[in-house]
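Structure first, commentary second.
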Amino acid sequence: MTRIPHVRLSAFYALHFAVLGAFVPFWSLYLEHLGLDKIAIGQMLAIIMGTKLFSPYLWGWVADRTGRHLPVIVTTVAGSLASFALTLWVTGFWPLALVTGLFGFFWHAALPQFEAVTMDFLGSAVHRYSQIRLWGSLGFIAVVLGAPPLLERYGIGRLPEMVLLLLALLLVTALLLPRPPQVVHHSDGRIDGVLRRPAVIAFLLVCALQLVSHGPYYTFYTLYAGLHGYDMTTAGWLWALGVMAEVGLFLVMHRLLDRHHAVRLLQISVALTALRWLLIALVPDHLPLMLLAQVLHAASYGLFHASAIHLVYRLFPGRLRGRGQALYASASFGLGGALGALLGGYAWEIWGPAWSFGLAALVALAALLLSLLGLRHLLPVATERPLRA
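Note that the sequence shown covers residues 7 to 395 in this note's numbering.
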């Protein structure tokens, strides 16, 4: 049995999500600092997320064809570092859009391949995934709490330098990753055969809609909090609370998967997502309810992602797994995230900030309806219990 390199896998997750902890909550503030309006900010974030429509699948195809995931991970992390460094010198919407699009092309490819490597190491112990993945949440929390005091002291204009430092550390970690075990794959089949299954199509659409609903949150939540009187440090704590709740979920996720269908957990997470966006839209000035909305991040992201990863692992076997992870990433964070950022920006400018989150709630309800109608055929797959090591 191959020994699972917990420390190095956990370190990669921690640093990867540390980068996101600096980028996701504060990049919209940096773009506002550069003079962009809300529609332009939404467009800029949509460009970055939009690269996830094709980038993960392209790099996943390379990894699956060669059977070598680690070189792809190192290449894409190095490309992320090199391209993001250009943000130090470019100005104006289109030059910045070009550079951040190039960054997204590399950045969005690394994690799906690392997820595939992690699953190869875990093997039959796939139920332990959430115990390693939680270190990503801890990395996000550390940065989202540590960044605001530094940015308030030195200015939001220093944000790119902070992201670059974390990317450099991530590259070092990628270079230190061990080679995954050789996994013997039997009867992988063709990916087009998997994609012809109506339930798989429904699953990918639900993932897309779920992340459409998250678009306003990832793009505008810090700006929205500031509009309602929360300073950057308080906003950082609100972000951190959500991820702390996510950590708690990851700690018990293996038990939930032992007792409940992954499809049922996915449906519960989507229902609670709609509630979360309604709270943010309707009662942003009521701090206890805003805190509750952030605790629901455990469901809207943590429960959803862990359940979806479990389903991807079951639905895309063997050498199809890298492309399966890439398809999940493309459908959700790519298509869904890009559309959500765009719609959130237009809703903010046309109808007002609260409607960005009101629209998100409606999209989550649509995802819930589709999951109830379209995913029931996945239940026989979801009932397969992870084999114990």
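Backbone N, C-alpha and C fix where the C-beta goes; we use that ideal spot for every residue, glycine too.
Proximity to A69 across Q119, T239 and L257 peaks at Q119, based on C-alpha coordinates. Within the same chain, Cβ atoms closer than 6 Å to the Cβ of A366 are found at S219, P222 and W283, the five residues on either side in sequence being excluded. For the set S336, I315, T81 and L217, the Cα lying nearest the Cα of Y63 is the one of S336. With fewer than three CB-CB distances shorter than 8 Å, the stretch 163–172 does not count as touching the stretch 45–57. Secondary structure at T279: helix, using DSSP grouped into helix, strand and coil. In this chain, the alpha helix (DSSP H) harbouring Y352 covers G343 to W357. As for any alpha helix (DSSP H) of minimum length 4 sitting wholly inside the stretch 226–310, the runs are 238–265, 268–288 and 293–301, ordered along the chain. With respect to M296, L309 sits apart: the two C-beta atoms are not nearer than 9 Å. By the neighbour-count criterion, in which a residue is buried when 16 or more other Cβ atoms sit within 10 angstroms of its Cβ, P294 is exposed. Non-local beta-carbon contacts of A91 in its own chain, meaning distances under 7 Å to residues more than five positions away in sequence, involve L170 in chain order.
Going by beta carbons, A24 and F146 fall inside the 9 Å limit. V206 counts as buried, since no fewer than 16 other beta carbons sit within 10 angstroms of its beta carbon. 9 Å or more divides the Cβ of G142 from the Cβ of A332.
G98 carries a coil assignment under DSSP once its states are collapsed to helix, strand and coil. With respect to the 9 Å criterion, V253 and L117 are not classified as neighbours on the basis of their beta carbons. Taking the CA atoms as reference points, R164 sits about 7 Å from L157.
P11: not part of any alpha helix (DSSP H); DSSP gives it neither H nor E.
Nearest C-alpha to L229 among A372, L76, A153 and P359: P359.
With a beta-carbon spacing of about 33 Å, V212 and L102 fall beyond the 8 Å limit used to define contacts.
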